[in-house]
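Residue numbers (my numbering): 66 to 427. For every residue, glycine included, the Cβ atom is placed at its ideal position computed from N, Cα and C. A quick note: this is a predicted structure, and the numbers were derived from the prediction, not measured. The structure appears right after this line, and notes come after that.
Next up, the structure:
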């Protein structure tokens, strides 16, 4: 890495750390603290419980601040360099603006990659722990009385052994309705069991009025059997099944893919899960998009003021998340393709960034 690249990245480091702290504080003050206060006043939550909730809420907030902080860092860093005529000096030595933007874009790429890893490794687990504490410790609810589209995955030695799907689960009667069990061997579907319902009796699940279909190695149906009663080959009790269910934002990428595949097998709409899946990559990569926008915008000396840079960052972020919110709603509603819904904000941002970079390079 050249001395000039190190110098530019060093200029960005302070504003980036400040951006993470500042934007995280905004999220915490406007959202997290309001919820925690409600848990204390309405549910008499203990201090230790509130502290745990606060800690578990941080990963999802921090990963959202990375793109915002990268935008602020690129704006302030190049704004300061421009106002002190250092950009002019760099250009006079033969460095084009495009070359000066390279270390910013490289740094933004690594921030995006780190955000993807962070979002996959910590955020789903933290969200699950947060929701469990709220449901089982704060609100004292064991689970919702009716849960829709239940999926139970049995994994043995890292291989998917069985997927059980139920149209809904009624906790009060310990009943799953419209049950489908897909049995796998060496990642190949070998058997499907369907039943009208499954009831928890004598510490086991009993399927009622169903069929068993065996498949050959080529995927053809070998035989079909009907049954009046059949033991469902899962050992999880109703409480375990209820606690195992996750919202889309609580799942890892692999879990989302498995969930989507299982729902598609039952011809259930998966657009909301697909949008969430594609956003796991799209939103962290917004750091790269924001760097493309912030770097040329920071060149003008009037924007060198930190307050103006922060204000401009908020405006750009606001526009980005308006587009993201609208596209997400359209994607989850099935009005547009889920992949397009997740990537529309980044596509618009990249086009804007290319225009601004090319304009500044003239």
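Shown here, residue 233 sits in a strand according to DSSP, grouped into three states.
Measuring C-alpha to C-alpha distances from residue 227 to each of 257, 237, 312 and 67 identifies 257 as the nearest. For residue 225, the three-state secondary structure derived from DSSP is strand. Residue 394 is positioned such that its CB atom lies no closer than 8 Å to that of residue 410. With three or more CB-CB distances shorter than 8 Å, the region 259 to 273 counts as touching the region 234 to 244. Pairing residue 69 with residue 124 gives a Cβ-Cβ distance that is not under 8 Å. Excluding the 5 residues flanking it on each side, residue 263 has same chain C-beta neighbours closer than 6 Å at 241, 244, 270, 272 and 297, in chain order. For residue 256, the secondary structure class from DSSP, reduced to helix, strand or coil, is strand. Between the alpha carbons of residue 105 and residue 191 lies a distance of about 20 Å. Take residue 219, set aside five residues on each side of it, and the residues of its chain with a beta-carbon closer than 7 Å to its own are 226, 227 and 299, in chain order.
With respect to the 8 Å criterion, residue 406 and residue 414 are not classified as neighbours on the basis of their beta carbons.
Around the Cβ of residue 223, a 10 Å sphere holds fewer than 16 other Cβ atoms; the residue is exposed. With 16 or more other CB atoms across the displayed protein chains lying within 10 angstroms of its CB, residue 166 is buried. Sixteen is the threshold: since fewer than 16 other Cβ atoms of the shown chains lie within 10 Å of the Cβ of residue 282, the residue is exposed.
Here the alpha carbon of residue 88 sits roughly 54 Å from the alpha carbon of residue 277.
Taking all protein chains in view, the Cβ of residue 76 is crowded by 16 or more other Cβ atoms within 10 Å, so the residue is classified as buried. DSSP places residue 242 in the strand class (E or B) of the three-state scheme. In terms of Cα proximity to residue 398, the closest of 103, 313, 321 and 334 is 334. Under the DSSP assignment, residue 166 falls outside any beta strand (DSSP E), being part of the alpha helix (DSSP H) whose first and last residues are 162 to 186. DSSP links residue 289 through a beta bridge to 278. Note on geometry: alpha-carbon atoms of residue 389 and residue 94 lie some 22 Å from one another.
Residue 355 counts as buried, since no fewer than 16 other beta carbons sit within 10 angstroms of its beta carbon. Between the beta-carbon of residue 338 and that of residue 324 there is about 6 Å, and that keeps the pair under the 8 Å contact cut. Note on geometry: alpha-carbon atoms of residue 341 and residue 112 lie some 33 Å from one another. Exclusion of the five residues before and after residue 176 leaves 131, 135 and 352 as the residues of its chain whose Cβ lies within less than 6 Å of its Cβ.
The alpha-carbon separation between residue 147 and residue 153 amounts to approximately 7 Å. Contact annotation, residue 280 with residue 255: C-beta distance approximately 6 Å; criterion of less than 8 Å satisfied. 275 is the residue among 275, 114 and 286 whose C-alpha sits nearest the C-alpha of residue 294. Residue 70: member of the alpha helix (DSSP H) spanning 68 to 92, first to last residue. Just measuring C-alpha positions, the residue of 287, 301 and 252 sitting nearest residue 266 is 301.
Unbroken alpha helix (DSSP H) stretches of 4 residues or longer found wholly inside the region 87 to 148: 98 to 108 and 112 to 148, given in chain order.
Distance from the CA atom of residue 253 to the CA atom of residue 284, rounded to whole angstroms, is 9 Å.
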